[in-house]
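K.L.:
All residue numbers for the sequence shown refer to our numbering, where the first residue is 1042 and numbers rise by one.
Handing you this structure, nothing more for now.
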Amino acid sequence: MDFIKIIVSSILGGVMISIGGMACLLSEFRFIGALIFAVGLFGVMTYKMGLYTGKVGYILENPPIFFTDVLLTIVGNFIGCLLMGLAFPLDQAVASCDARLAADHLTVLFKGICCGLLVFIAVDQYKTKKNYIALFICIPAFIIAGFEHSIADMFFFSSAGMFNMDSLIFILTVILGNGIGCLAIPAYKKYIEKEEPAPQA
């Protein structure tokens, strides 16, 4: 495992998601902002950058060491988002984060799970079919619905300058939710959906 490569790739992934998050925050029209946010994941998938929500869904089909890859990816994503947040402090981020912290933890968890489901669909469609269509359907859908993406939230809180225990708990809750959501479909396919056995000759 090339730790330096993973960190650098993940920092770039965090930067790309931050760019999408910034564009979304600054857009005057919610739907346009939701659509533009997809540019972040588009860049990540096209150039194979590291992204937590792009990797965590594949834990079940990889050896245990892959979990270390996922953890390093979170660290790299945070560094990228932190740098972008410090470089671009936005008043809109403050208002957005205040609203996020007003939600109870269970709601935040479920918003993270739903986001994870949609992101996995978008990523998996690209990985398996080189199809970007799901990206521009699923990503705007989770933005419009108000679901939570942990890496985007890292940028929002960094841009807002909110570095406290409440924001840490919020981010960790969303990370957990995203992980559950991203793993839901792979777990369903692996353990629940059973292929019909081939007929015997």
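Glycine included, C-beta positions come from ideal geometry on N, C-alpha and C.
Among V1215, I1178, I1120, I1212, which residue has its Cα nearest to the Cα of V1049?
P.N.:
Of the listed residues, the one whose Cα sits closest to V1049 is I1120.
K.L.:
In three-state terms, what does DSSP make of L1092?
P.N.:
Coil, per DSSP.
K.L.:
Taking 8 angstroms as the threshold (C-beta atoms), are L1176 and A1064 in contact?
P.N.:
No.
K.L.:
Go ahead and label L1224 buried or exposed: buried means 16 or more other beta carbons lie within 10 angstroms of its beta carbon, across all protein chains shown.
P.N.:
So L1224 ends up on the buried side.
K.L.:
Whose CA, out of V1116, V1056, V1135, lies closest to the CA of Y1088?
P.N.:
Answer by Cα proximity: V1056.
K.L.:
Within 10 Å of its beta-carbon, does E1189 have 16 or more other beta-carbons around it, so buried, or fewer, so exposed?
P.N.:
Result: buried.
K.L.:
Cutting at 6 angstroms between CB atoms, please list the residues of its own chain near I1115, excluding the five before and the five after it.
P.N.:
Here the set comprises Y1093.
K.L.:
Which of the three DSSP states, helix, strand or coil, is assigned to H1190?
P.N.:
Coil, per DSSP.
K.L.:
Taking contact to mean 3 or more Cβ pairs, one atom from each stretch, closer than 8 angstroms, check whether the stretch 1143-1163 and the stretch 1206-1224 are in contact.
P.N.:
Short answer: they touch.
K.L.:
May I have the straight-line CA-CA distance separating Y1229 from A1182, to the nearest angstrom?
P.N.:
Each residue's Cα considered, the two are about 22 angstroms apart.
K.L.:
Distance check for I1100 and L1123, CA to CA, integer angstroms please.
P.N.:
Whole-angstrom Cα-Cα distance: 26 angstroms.
K.L.:
Residue range of the alpha helix (DSSP H) that Y1167 falls in?
P.N.:
Run containing Y1167: 1146-1170, per the alpha helix (DSSP H) assignment.
K.L.:
How about F1197 and G1062: are their beta carbons less than 8 angstroms apart?
P.N.:
Contact: yes.
K.L.:
With burial defined as no fewer than 16 other Cβ atoms inside 10 Å of the residue's Cβ, what is the status of G1187: buried or exposed?
P.N.:
G1187 is exposed by the Cβ-count criterion.
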